[in-house]
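Have a look at the structure below, then the notes.
In the working numbering, the protein residues as written are 431 to 591.
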């Protein structure tokens with residue numbers, strides 16, 4: 431996200447691969463012919479996180495997707511864009527962090543900071559909430575069991591060779 435400027439092409443060409451899941455979801459919810467009109471009119475805006483700096487997002491419904499891959503600083507920057515008449519939804523899976531080694535997930539950190547704050551709530555999903563192929567739910571449950579077992583005992587990844 432932060433290094434989009436180094437990629438060749440227009441902004442749209444740079445961010446499209448990252449936003450494909452969002453466009454897929456829009457197509458599931460809206461008439462495909464309507465989406466380009468809403469984007470052109472600015473009713474729906476899709477922008478990389480790096481482009482949120484300095485903005486105040488008033489009268490908007492704002493979604494930050496894949497938030498597990500934000501740093502704590504990026505998460506703070508995003509959350510402080512909240513303007514009057516707006517609501518924010520932050521989504522992510524803390525079991526799928528792709529940040530470089532040593533970088534903490536902003537999604538993990540923000541839970542410790544904001545848990546219990548008035549007007550802020552967290553909704554945690556599990557394998558039963560998966561809306562993809564039923565096998566995906568089983569895979570998620572298997573990984574959850576593996577992680578629980580691994581964190582409760584001396585077993586390490588090296589022991590599974």
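Just so it is clear, CB atoms sit at the ideal spot from N, CA and C, and this is done for glycine as well.
Query                                                                                                   : Result
Option in 574, 553, 570 with minimal Cα separation from residue 519                                     : 553
Sequence-distant residues of its chain with Cβ nearer than 8 Å to residue 481 (five each side left out) : none
Beta carbon of residue 505 nearer than 7 Å to that of residue 540                                       : yes
Element boundaries [alpha helix (DSSP H), containing residue 508]                                       : 502 to 509
Whether residue 524 touches residue 537 by CB criterion (7 Å)                                           : yes
Cβ separation of residue 485 and residue 450, assumed to be a contact under 8 Å, to the nearest whole Å : Not a contact, Cβ separation roughly 24 Å.
From 483, 478, 489, 488, residue whose alpha carbon lies closest to that of residue 496                 : 478
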